[in-house]
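Q: For what it's worth, UniProt numbering labels the leading residue of the sequence shown as 1, then goes sequentially.
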Amino acid sequence: MPSYYHERLYRSAKLMTQMRTFSITLCGAGAIGSNMAENLVRAGFETIRVIDYDRVEQRNLSIQPYYRSDIGAYKATILANSLYRALGVEIEPKVVELTSQNVTKLLKGSQLVIDGFDNHTARAAVSKYCHSAKLPCMHVGLANDYAEIIWNDEYRVPSAALDDVCDYPLARNLVLLTIAVASEVVIAFVKDSTQQKSLTVTLQDFAIKAF
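1. By the three-class DSSP mapping on this structure, what secondary structure does D54 have?
2. Does the pairing of the segment 25-38 with the segment 75-91 give three or more beta-carbon distances under 8 Å?
3. Does the segment 8-28 come close enough to the segment 61-72 to have 3 or more Cβ pairs within less than 8 Å?
4. Put Y84 into one of helix, strand or coil per three-state DSSP.
5. Would you list the one or two residues that DSSP bridges to D115?
6. Tell whether a beta-carbon distance below 7 Å holds between C137 and N119.
7. Could you give the first and the last residue of the continuous beta strand (DSSP E) run that contains T200?
8. Find out if the Cβ-Cβ distance for the pair A147, T194 is shorter than 7 Å.
9. Out of I149, S62, Q18 and S100, which has the shortest C-alpha to C-alpha gap to G44?
10. Between the segment 86-104 and the segment 52-64, can you find at least three pairs of beta-carbon atoms closer than 8 Å?
11. Which residues bound the alpha helix (DSSP H) around K128?
12. Identify the continuous alpha helix (DSSP H) that holds Y10 and give its terminal residues.
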């Protein structure tokens with residue numbers, strides 16, 4: 001298993017132990033979920049489930065940690081294989097479409113849900129279930145120059161109007177900046193569950209602000 005040498009020096013052995021066994025379910029393995037999974041595992045989390053039924057496409061390669069050889073394969077499966085090869089950590093891939101019918105089964109047992117889905121229906125199902133189950137849930141979204149990290153109590157599911165829009169402007173640097181900030185929000189929550197910071201991120205002015 002990885003030693004997390006630098007992270008351990010920075011975080012403390014106690015916090016690293018908490019992170020290792022803290023169970024997270026990532027909803028989506030696209031720009032948000034795939035990069036969050038990699039960042040969290042490399043930071044020291046080892047109990048992660050990833051839900052996604054999409055396959056890798058050519059257009060994904062600039063903003064998601066996949067390779068040309070992965071095109072056509074299921075994202076969740078590729079992500080699990082890649083992280084095992086890199087760090088020896090076994091995350092749990094779920095190649096399935098999350099719906100209101102299976103959301104309980106897929107999210108049950110998590111200590112934190114991170115919603116990175118790109119469609120109204122799945123986001124709504126996650127938000128509704130987490131609210132009813134009193135399960136901590138953090139939603140992460142991206143649009144053009146703007147990103148948001150919002151906890152479920154403050155979250156409003158966006159309109160379905162843009163669900164089918166596949167060609168949209170998005171800078172890799174906004175993705176990476178958002179993932180770094182979101183990961184720190186997650187770690188702060190693991191350390192102290194009363195810490196639930198909702199934030200916005202904008203790339204052009206390098207601004208991170210309270211939501």
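In this text, a Cβ means the ideal position worked out from N, Cα and C, and glycines have one as well.
Note that the structure is predicted; figures quoted are calculated from it, not measured.
A: Quick answer:
1. Along the sequence shown, one-based indexing puts residue 54 at 54. Residue state, collapsed to three classes: coil.
2. Three or more Cβ pairs drawn from the segment 25-38 and the segment 75-91 lie within less than 8 Å of each other, which places the two stretches in contact.
3. The segment 8-28 is not in contact with the segment 61-72.
4. For the purposes of this step, residue 84 is taken as the residue at position 84 of the sequence shown. Assignment of Y84 by DSSP, reduced to helix, strand and coil, places it in the helix class.
5. The residue given as residue 115 occupies position 115 in the sequence shown. Secondary-structure assignment with DSSP links D115 through a beta bridge to C27 and H139.
6. Residue mapping note: residue 137 aligns to position 137 of the sequence shown, counting from 1. Residue mapping note: residue 119 aligns to position 119 of the sequence shown, counting from 1. Annotated as distal: C137 and N119, with beta-carbon spacing of 7 Å or more.
7. Walking along the sequence shown from the start, residue 200 turns up at place 200. L199 to T202 is the span of the beta strand (DSSP E), which, as asked, contains T200.
8. The count along the sequence shown starts at 1 and reaches residue 147 at position 147. The count along the sequence shown starts at 1 and reaches residue 194 at position 194. No, these two residues do not count as a Cβ contact at 7 Å.
9. The residue given as residue 44 occupies position 44 in the sequence shown. Among I149, S62, Q18 and S100, the Cα nearest to that of G44 belongs to Q18.
10. Taking one beta carbon from each stretch, the segment 52-64 and the segment 86-104 have 3 or more pairs nearer than 8 Å; the two touch.
11. Locating residue 128 in the sequence shown gives position 128, counting from the first residue. Element bounds for K128: H120 to A133.
12. Taking the first residue of the sequence shown as 1, we reach residue 10 at position 10. Judged by DSSP secondary structure, Y10 falls within the alpha helix (DSSP H) whose first and last residues are Y5 to R11.
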